[in-house]
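Quick note: the sequence shown uses my numbering, first residue 1462, plus one each step.
Here the structure is laid out as structure tokens; the discussion comes afterwards.
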Amino acid sequence: MARRFFGVGMVTLLLIMAMPAYCAAATDKGLEIVLDGTKIEAVACIDKGNIYLPLRAVGEALGYEVLWSGIDNTVSVIGTGKNIMIDLNNQQITADGHVYYVDSELIVGRLYLGSEFFSSELGLAARWDRKNKAVQLERVERNLISIETIKEVAETDEIRITLQYPQIGGLTNETVQDRINRMFKEAADEARQEGLKNAEEKEKAGASGYGSPNRYETYFDYSLKCNQKGLLSVVLMNYQYTGGAHGSMVQSSYTFNLNTGEEYTLKDLFKDDADYVAYINNTVKGMIVERVREEILPEYDIEPFETIRDDHDFYLSNDGVVIYFQQYEHWCYAAGIQEFTVEYAALKEMLKPEVSLLNNSIAIRDSGSSTVVAIETKPEGPTEESMPNPHAALPLLTWSDVKPQLPNFTAWEYVVQPGSPLDIKELLSRIWAGQEYESYDHGEHWMCYRLPLYQSKYGQFREQLDTYPSGFSYQWEINENYPQREVMGMSPEQAFKRATAYAREFLGSDQYLEYPVPFAVTIDEDGKRVNFFYEFNWEHRIGSIPVYGEGLSLRVIPQGIPQLRLSWSTFAPQDTRPQYQPLTFDQALYSLNYVRSYVDPNKCSDHNAGDFLVAAQVVYSNRFSADLAVYRPAWEFTLSRSNGFYTFPVLVDCLTGKISSDHDGIVDSYLMDRAGQS
């Protein structure tokens, strides 16, 4: 093990260990995610050379259940032998008794975590494949060992000491197992003794009238970096705070061969004749230049980097050999502990056989760039692999299914996401019976996202059969950037020809026309009017995310003409829709105000609706709903409550905060009170 100490640090432990990343909005930039050769309909982003992945999309693709709790703002990842809890308030993870901090970011309502989480907790290798503008993920078959976290906490008036270190189990060679565990424990004990010595010196200084009034702290933790192919690589972090403006962090690492118990130095990884030093030096120097150019590292260093040592600090990750430098070794403290990954594919001819097993065929990542590669904004036509058939996932509804007598009851709305076990016909029968089942009530769900308005486009093709009045009508309309619509009646042949031409021009493919389209039926109580119509809908995608998402919406509205509507966004493959972050009512209003700060009121005119289009929708326990929309020339937030056959909207001017009602009726006091307080 190589361990070096280089001076004092600068910020609190939390900031050291949980620096949140800023990633460009994943709606308009991002990288495709490919898991074991299969594309996931979500995007990754890159910040300062680090990969960030959407937790829900990747977790569910791996077979885990990802649950969000609005009560305590936590996310749980649950699967066989795995139960992880993520505290979003404190950016803290608890996994199998191990509590540690993680860098995360909410992007368009999706929780993004650094790839290190997916590597250590979910067993993934992540590589930035710049040639194909993608992040390649591969499952890693982990060693069959158990890892227990030992946690010890002690406090005095002078110091608080927190130790977390691993103890492995399951090795057939108990001598090797005991030796490895003893080394981890001894490292933790050294950190404890260092802290106690600091506390003793503090007490002596205090007795002499000197010293810091602040309580000292020792925090010792670990991170599992590689656990595969008979190799184990663990990083240990020793943080000591001694009363100054900041503490100091020393990072050390152990890499073991679990079969022999051998502990590797950097030199031990390579063949005797391998010129690995020169190759790694050149790679690291290139990354340093890149990071300086992108202002990740300062232009001036304390000591220029020249070469690595045979015993240089390193660890193995699922992606490559990681070279790292301690605080103050080459750069100021603000630069932190700098790490440089040299991927296995680049070193495969130099590595010893037992280490080269970690190599795979993914191309080498370019050094350290923080550029986020943009996905083409012009969408490509779907393939059968990426485009689910809505009728394959849902029971087809015929006229006999929806013809039961219509009761007179309060308007309800049920929203069921794809994959729900809810039986649609069963739900229909209950709705027609006038029964309300709380088990289907998802409570309070806000959905917010923002997109550049100037990029918006949409098109719609509709084939409609009216029995009152009778006849066919075919329509195509297109809206690009501005309301420039073309709607006309035409023959079926003309309509299909025109729709195909538009699809080819704006979608790059006419495959959209080959898929089943939504089916809707509208009836009145007397049965005088029945509309059957098929719709072909398309909306311009920004960063592969459509303007609105996919889902099954079942709505019964006995207001005016009673209607049953079933809709499905056929253009949006599952999980490409924005993953909305559930918020409370107050949080949603706060979010709207936050987005409003991006809008210059002077830009709002009859010809410009501002820089952003913001959409939000909420359903409150089947009682009332709310929508946010952008209207020229101002923003408007609409809250409405369904009460029998009436709807009471509340308008909130998001530029002035003024609240008004456009209805003479009484607006729900709860809504008004909450909106007024916010």
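The C-beta atom is built at its ideal place from N, Cα and C for all residues, glycine as well.
In this structure, Ser-1714 and Tyr-1776 form a Cβ contact; the two beta carbons are roughly 4 Å apart against a cut-off of 8 Å. The beta-carbon separation of Tyr-1785 and Asp-1774, rounded to 5 Å, stays under the 8 Å limit for a contact. Below 8 Å, enough C-beta pairs join the segment 1592 to 1599 and the segment 1495 to 1511 to call them touching: three or more. The three-state secondary structure of Glu-1767, taken from DSSP, is coil. Assignment of Met-1811 by DSSP, reduced to helix, strand and coil, places it in the coil class. Around the beta-carbon of Leu-1758, 16 or more other beta-carbon atoms lie within 10 Å, marking it buried. Contact between Cys-1506 and Leu-1516 does not hold, since the beta-carbon distance rounds to 13 Å and is not under 8 Å. For the pair of segments examined, the segment 1738 to 1749 was found to touch the segment 1762 to 1769: the number of CB pairs separated by less than 8 Å reaches three. Contact check for Leu-1730 against Leu-1812 passes: the beta carbons are separated by less than 8 Å.
Unbroken beta strand (DSSP E) stretches of 3 residues or longer found wholly inside the segment 1685 to 1751: 1692 to 1702, 1709 to 1718, given in chain order. Cα atoms of Tyr-1525 and Asp-1734: separation of roughly 45 Å, rounded to the nearest angstrom. The alpha-carbon separation between Gly-1705 and Leu-1624 amounts to approximately 21 Å.
Taking Val-1495 as the centre and dropping the five residues before and after it, the same chain places the C-beta of Ala-1595, Gln-1597 closer than 6 Å to its C-beta, in chain order. Counting C-beta pairs with one atom in each stretch, the segment 1576 to 1586 and the segment 1681 to 1694 have three or more that are closer than 8 Å, which means they touch. Pairing Thr-1679 with Gln-1701 gives a Cβ-Cβ distance under 8 Å. Judged by DSSP in its simplified three-state form, Arg-1676 adopts coil rather than helix or strand. The beta-carbon separation of Gly-1584 and Ser-1607, rounded to 14 Å, does not stay under the 8 Å limit for a contact. In this structure, Ile-1539 and Leu-1523 do not form a Cβ contact; the two beta carbons are roughly 12 Å apart against a cut-off of 8 Å. Per DSSP, reduced to three states, the secondary structure at Arg-1621 is strand. Leaving aside the five residues that flank Trp-1792 on each side, the residues in its chain whose CB is nearer than 8 Å to its CB run, in chain order, Leu-1758, Pro-1759, Asp-1762, Ile-1763, Phe-1786, Gln-1799. In the DSSP annotation of this structure, the continuous segment of the beta strand (DSSP E) that includes Val-1782 starts and ends at 1781 to 1786.
Taking all protein chains shown into account, Val-1614 has fewer than 16 neighbouring C-beta atoms within 10 Å of its C-beta and is therefore exposed.
Ala-1795 and Asp-1736 have their alpha carbons spaced roughly 33 Å apart. Under the DSSP assignment, Ala-1518 falls in the alpha helix (DSSP H) whose first and last residues are 1516 to 1522. Here DSSP, grouped into helix, strand and coil, assigns Val-1569 to coil. Residue state for Ile-1629 is assigned as strand, using DSSP reduced to three classes. Rounded to whole angstroms, the separation of the alpha carbons of Thr-1703 and Glu-1661 is 11 Å. Judged by DSSP secondary structure, Ile-1606 falls outside any alpha helix (DSSP H); it is assigned neither H nor E. Beyond the five residues adjoining it in sequence on each side, Asn-1534 comes within less than 6 Å, by CB distance, of Leu-1549, Asn-1550 in the same chain, given in chain order. Excluding its 5 nearest sequence neighbours in each direction, Glu-1664 has C-beta neighbours in its own chain below 7 Å: Glu-1619, listed in chain order. Of the other Cβ atoms in all chains shown, fewer than 16 fall within 10 Å of the Cβ of Glu-1810; this residue is therefore exposed. The C-alpha of Arg-1588 lies about 40 Å from the C-alpha of Gln-1654. Ala-1668: not part of any beta strand (DSSP E); member of the alpha helix (DSSP H) spanning 1635 to 1668, first to last residue. Its chain contains Met-1811, Leu-1812, Lys-1813 as the residues whose beta carbon lies nearer than 8 Å to that of Lys-1732, once the 5 sequence neighbours on both sides are disregarded; these appear in chain order. The three-state secondary structure of Glu-1602, taken from DSSP, is coil.
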